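Below is one structure, written out as structure tokens, with a few remarks after it.
Residue numbers (our numbering): 1 to 233.
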């Protein structure tokens, strides 16, 4: 009654007609069809969108099986992540900032209330993102944002409610110590912080200890797990 599949690259898994035949012939009592496919289309007469649009036929709609997809780069609209949505709600969601308002709006998932962990992947920021994750408590940022500071954290607040974050992971972003304090100031419930880079260059400990930000963080921060995966300089 339940079929869950997670796969990469093999476009045979995107053959909706083949799935329809398989389910009708061999799995007539199937109640849950939950698929997640990452990859693209190569050497195929059908485009990526031709393939995934076949999952919008009456066969799937009548069974209340619905799907969405995302691309990771504008230059790679021939590939992406294709996954089941209703009635299955995922707790993790990868958010590609620069593609937040691209050509595939109709295929995007709209009910994001179940998402607890958001992954943001991009080098560009959009001040008015279309997606909002009201119940997220964990955030992972990766792929070289220009900087992480208080302004960016405020922008992130339009995607996730920053004040309720309990876990923050930052990959491939160079963070200065004062920027780190800004982040802690705006995330009072954070108990886990992990990063690749934290720079201690050109800081004046005495001056920092006198700032309102430091004094506030000193009395409010709840960090229990602090992890640097690379180095301090």
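Cβ atoms here follow ideal geometry from the backbone N, Cα and C, with glycine treated the same way.
Just so it is clear, the structure is predicted and the values come from calculations on it, not from any experiment.
Asked                                                                                                  : Found
Residue 20: first and last residue of the uninterrupted alpha helix (DSSP H) it sits in                : 16-26
Own chain, CB closer than 8 Å to residue 50, minus 5 neighbours either side, in chain order            : none
For residue 83 and residue 192, the rounded distance between their alpha carbons                       : 29 Å
Own chain, CB closer than 6 Å to residue 140, minus 5 neighbours either side, in chain order           : 119 and 169
Local conformation of residue 68 per DSSP, three classes                                               : strand
Rounded C-alpha distance that separates residue 31 from residue 21                                     : 16 Å
Cβ shell of residue 54 (< 7 Å), same chain only, five flanking positions each side left out            : 16 and 17
Touching by the beta-carbon criterion (3+ pairs, under 8 Å), the region 172-190 and the region 214-226 : yes
Exposure of residue 37, with buried meaning 16 or more beta-carbon neighbours within 10 Å              : buried
Run of the beta strand (DSSP E) containing residue 119, from where it starts to where it stops         : 117-121
Enclosing alpha helix (DSSP H) for residue 234 [first to last residue]                                 : Limits of the chain in this structure are 1 at one end and 233 at the other, which puts residue 234 out of reach.
Distance between residue 14 and residue 199 (C-alpha atoms, nearest Å)                                 : 45 Å
Separation of residue 204 from residue 94, as counted between CA atoms                                 : 38 Å
Straight-line gap, residue 165 to residue 117 (C-alpha atoms, nearest Å)                               : 10 Å
Three-state secondary structure (DSSP) of residue 11                                                   : helix
7 Å Cβ cutoff met for residue 162 and residue 133                                                      : no
Reference residue 180; option with closest CA among 10, 159, 4 and 228                                 : 228
Buried versus exposed, by CB contacts within 10 Å (16 or more), residue 12                             : exposed
Pairwise C-alpha distance: residue 173 and residue 237                                                 : Outside the modelled stretch of the chain, which goes from 1 to 233, sits residue 237, for which no answer is possible.
Proximity winner among 208, 176, 81 and 155, relative to residue 9 (alpha-carbon distances)            : 81
Anticipated Cβ contact below 8 Å, residue 1 with residue 29, distance rounded                          : 6 Å
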